[in-house]
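Undergrad:
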Amino acid sequence: MIDPETITHDNALDVFRAAYSRRVGVGHEKMSYGQLSDTIGVQVRTLKSWRDSQSMPQMDSLLKLCVVFGPDFTSEILTVAGQGGVENIDPSTRSNAHAAAADITDVLAEITTRLRDGVFCHRDKAATAPLMLDLSHKLEEQAKAMLSEVPR
1 MIDPETITHD
11 NALDVFRAAY
21 SRRVGVGHEK
31 MSYGQLSDTI
41 GVQVRTLKSW
51 RDSQSMPQMD
61 SLLKLCVVFG
71 PDFTSEILTV
81 AGQGGVENID
91 PSTRSNAHAA
101 AADITDVLAE
111 ITTRLRDGVF
121 CHRDKAATAP
131 LMLDLSHKLE
141 EQAKAMLSEV
151 PR
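Position 130, counted from 1, in the sequence shown is what my numbering calls 130; the numbers after and before it change by one each time, with no gaps.
Have a look at this one:
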């Protein structure tokens, strides 16, 4: 667990700016400032001030960014608090329900993305089946680790 005293405004700002800058702006595949402005209802000037570390989004805007950019963005910005980055940890060392929930969410997000067109075709099944198998193995390891921690 991270000591809350180690979380500073500057540290949080740096992590947010890095995650945000990788996903929006000129030349980025994900989204332009204009598109993001239209999507979340925030002025382009404000969006650019977040990039330049002149300000940080308010909670409602931050949550909208999490929706737009998905779980990998959310995980990245939560690393400041020791809550993100679970996808980078060896499954055999993860023994909490938060990690299991993160794994499940990642797979469901992929399936949901593939269902946007209303059809779950053979290509979608081929792409998601390995993810689901990997998830089942991770969940089994996590469950075993959690059970080993339960006092008898």
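Cβ coordinates follow ideal geometry from the N, Cα and C atoms, glycine included.
Among A143, I40, A129, P57, which one has its Cα closest to the Cα of L108?
TA: The residue labelled residue 108 in the question sits at position 108 within the sequence shown. The candidate whose alpha carbon is nearest that of L108 is A129.
Undergrad: Pick helix, strand or coil for R45, following the three-state DSSP scheme.
TA: Against the sequence shown, residue 45 aligns to sequence position 45. Correct three-state label for R45: helix.
Undergrad: Leaving out five residues before and five after K48 in sequence, what residues of the same chain have Cβ atoms less than 7 Å from its Cβ?
TA: Residue 48 sits at position 48 when you count from the first residue of the sequence shown. Closer than 7 Å at Cβ, skipping near neighbours: Y33.
Undergrad: Is the CB-CB distance between V44 and S53 below 7 Å?
TA: By 1-based counting over the sequence shown, the position of residue 44 is 44. By 1-based counting over the sequence shown, the position of residue 53 is 53. No; because the gap between Cβ atoms is not below 7 Å, this pair is not in contact.
Undergrad: Mapping the DSSP letters down to three states, classify T8 as helix, strand or coil.
TA: Mapped onto the sequence shown, residue 8 falls at position 8. DSSP places T8 in coil when its eight states are reduced to three.
Undergrad: Taking just the CA atoms, how far does K125 sit from R116?
TA: For the purposes of this step, residue 116 is identified with residue 116 of the sequence shown, where counting begins at 1. For the purposes of this step, residue 125 is identified with residue 125 of the sequence shown, where counting begins at 1. Near 14 Å, if we compare the C-alpha coordinates of K125 and R116.
Undergrad: Taking the CB atoms as reference points, tell me whether S61 and V42 lie closer together than 7 Å.
TA: Here residue 61 refers to the residue found at position 61 of the sequence shown. Here residue 42 refers to the residue found at position 42 of the sequence shown. Taking 7 Å as the Cβ cut-off, S61 and V42 qualify as a contacting pair.
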